[in-house]
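For reference, the structure is listed below as structure tokens.
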Amino acid sequence: MFIFAGQKNILLHISVNIAGMGNKTDKLMKMYGQYNKYFGVMCSCKKKTKMRIPLIIIILFLSFQSNGQNNDSIKRIVDCELLTTNKLNQITEILSKEQFEISDVIIDELIKQCGVSEFIQRLIILRNIIEKKSTNASILKYFENDMHYVYRDRIQDSKKINFGYVYSNRKAYYGYIPLRHEIDSIIINKAVTLLETDSLNLDERLICIIFTGQFELFEKEIEKRQYKQSCIKQYLKKDYREYRKNFPYFTIYTGIFRPLNSNDIFTYSPMFGFTICNPMIDKYTIEFGFKFRRNIHDDSFDYFALEKNNQVNSKYSLFFGGLVGYKVIESEKLILTPKFGLGFETVDTGISEKKRNSAEETSYNLETANFTVGISAMTPVFRRSYLGIGINYHFCPYNLDKNLLTKIESNLMSIEIFWRF
């Protein structure tokens with residue numbers, strides 16, 4: 058019995074030490090509860106008690122391991138904040154003397170311990186500009202890691218009355234650099250001074266505008282034609298397009314629709330259409346919408362309705378349906394997509410009947426299915442749009458409608474230009 062009591066005390070000691078350790082603690086406590094319950098039943102059996110000893114060792118091992126990991130994590134965060142505070146004082150002292158000779162040792166040590174924060178990357182860019190080194194890589198890294206958003210948030214949060222409270226909840230996000238710190242004012246003044254010179258290239262000028270906190274000016278400036286080839290402009294344009302791909306698109310079509318047989322009832326007919334398409338980020342495309350065809354220079358055909366044979370010259374045709382495609386080629390300049398479509402087509406006959414004592418009017422139109430197989434090619438234009446061209450084969454079995462008394466060609470084709478936005 059003395060041995061069992063000792064084991065119980067050990068387990069109670071373990072349960073206290075591992076409190077607050079998350080999921081691992083829950084699992085350990087469950088193991089302890091099952092063991093304790095089992096122990097109460099089997100306490101009289103020495104042989105089975107010995108089998109409990111390995112369980113105690115396992116629990117002890119997991120307890121110390123988890124505590125060690127948590128302590129290491131907390132220690133790393135504390136060390137990173139302390140290191141940044143110490144190095145920040147050195148950097149502030151150097152920059153306040155209107156020098157920008159920050160040694161690689163300081164920056165490398167911060168990066169090694171804490172990673173590359175927005176503040177560190179800001180320093181690297183400014184130092185490269187002042188020392189007239191290449192800045193393309195460092196500026197692109199700043200944008201690729203969305204650090205311009207971090208800096209914008211920093212400026213906005215610094216203007217808040219409770220900026221101290223905001224910072225205390227987002228220390229790691231701001232790289233352990235307190236809001237409204239003297240270093241921000243020093244860097245802003247340095248960026249303003251650089252903007253007054255003529256030595257900056259297009260990207261350096263844009264990044265310095267950001268570093269002064271003039272985000273609205275940056276948005277206006279980057280729209281100017283002179284920045285069309287800048288790396289920042291190209292990156293943001295590509296980044297916005299990738300972001301836009303996550304949302305549905307609209308497509309406007311225009312083109313020519315004609316039968317394969319030139320001696321048919323229909324001839325060349327202008328076509329207009331509108332569809333809604335799934336997000337472009339998907340490998341496949343799904344479109345739903347309509348296409349309107351204006352029947353011009355076509356011949357008349359015979360259609361039976363209202364118990365008589367009517368000679369009809371159709372004014373328009375209307376298609377409702379969907380298209381499914383798969384992008385076999387997708388690059389920055391070209392997207393090639395074979396498509397298959399199925400829909401309902403109605404051809405206007407102009408024949409209608411008004412019911413007695415009612416304002417309702419019944420129309421008798423030629424109706425059929427429209428099976429489509431085609432291929433389209435499109436290329437990106439502007440910030441988010443695509444311009445494309447497509448060619449399609451259509452199978453429309455008009456003569457399935459028993460009221461149609463004239464043979465009409467079922468094989469047709471269309472060529473269309475479309476704008477997806």
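Residues 58 to 478 in my numbering are what the sequence shown spells out, letter by letter.
Quick reminder that beta carbons are idealized off the backbone N, C-alpha and C, glycines included.
Residue environment, residue i, which counts as buried when at least 16 other CB atoms sit within 10 Å
| i | result |
| --- | --- |
| Arg-351 | exposed |
| Lys-459 | exposed |
| Lys-277 | exposed |
| Ile-186 | buried |
| Ser-130 | Unreliable positioning characterises Ser-130 in this predicted model, as indicated by a pLDDT of 46, which lies under 50. A coordinate reading is not provided. |
| Ala-248 | buried |
| Leu-69 | No answer about Leu-69 holds up, because its pLDDT of 33 lies below 50 and its placement is not dependable. |
| Leu-469 | buried |
| Val-404 | buried |
| Asp-165 | exposed |
| Pro-336 | exposed |
| Ser-225 | exposed |
| Ile-386 | exposed |
| Glu-344 | buried |
| Gly-445 | buried |
| Arg-477 | buried |
| Asp-241 | buried |
| Phe-452 | exposed |
| Asp-260 | buried |
| Thr-192 | buried |
| Asn-414 | exposed |
| Leu-423 | buried |
| Tyr-373 | exposed |
| Gly-221 | exposed |
| Ser-471 | buried |
Beta-carbon spacing of residue i, residue j below 9 Å
| i | j | result |
| --- | --- | --- |
| Phe-329 | Phe-349 | yes |
| Phe-361 | Asn-367 | yes |
| Tyr-310 | Glu-201 | no |
| Phe-401 | Asn-370 | no |
| Arg-441 | Arg-298 | yes |
| Phe-331 | Phe-314 | no |
| Gln-147 | Ile-163 | yes |
| Leu-399 | Thr-425 | no |
| Tyr-383 | Tyr-450 | no |
| Thr-419 | Ile-322 | no |
| Phe-307 | Ile-465 | no |
| Ile-243 | Leu-152 | yes |
| Val-223 | Lys-198 | no |
| Phe-272 | Ile-196 | no |
| Lys-189 | Ser-287 | no |
Which residues DSSP lists as bridging residue i, in chain order
| i | result |
| --- | --- |
| Gly-172 | According to DSSP, which records beta bridges pairwise, Gly-172 is partnered with nothing at all. |
| Val-438 | Ser-442 |
| His-451 | Thr-429, Leu-469 |
| Ala-362 | Lys-365 |
| Ser-195 | Answer is none; Ser-195 lacks a bridge partner. |
| Phe-397 | Val-381, Val-430 |
| Ile-386 | Leu-393 |
| Lys-411 | Glu-418 |
| Arg-477 | Thr-308, Tyr-443 |
| Leu-461 | Tyr-360 |
| Thr-403 | Leu-375, Glu-424 |
With a threshold of 8 Å, are at least 3 pairs of Cβ atoms found where one atom belongs to the segment 203-213 and the other to the segment 175-192?
Output reads yes: the segment 175-192 touches the segment 203-213.
Are there three or more Cβ pairs, one per stretch, closer than 8 Å when the segment 320-329 is compared with the segment 283-294?
No, they do not touch.
Three or more C-beta pairs below 8 Å linking the segment 403-412 and the segment 430-440:
With a cut-off of 8 Å, the segment 430-440 and the segment 403-412 do not count as touching, because too few Cβ pairs lie within range.
Give a yes or no on contact between the segment 237-251 and the segment 261-268, applying the rule of three or more CB pairs nearer than 8 Å.
Inter-segment contact for the segment 237-251 and the segment 261-268 is present: three or more beta-carbon pairs are separated by less than 8 Å.
4 or more residues per run - each alpha helix (DSSP H) lying fully within the segment 323-383
If we require 4 residues or more, the segment 323-383 turns out to have no alpha helix (DSSP H) run fully inside it.
Would you call the segment 227-235 and the segment 138-152 touching, i.e. three or more CB-CB distances under 8 Å?
Result yes; three or more Cβ-Cβ pairs closer than 8 Å.
Jot down the residue ranges of each uninterrupted alpha helix (DSSP H) in the segment 254-320, minimum 4 residues, whole runs only, in chain order.
Entirely contained in the segment 254-320, the alpha helix (DSSP H) runs reaching 4 residues are, in chain order, 259-268, 272-279, 288-301.
Which parts of the segment 208-241 are runs of the beta strand (DSSP E), unbroken and 3 residues or longer, counting only runs that do not cross its ends?
Correct list: empty.
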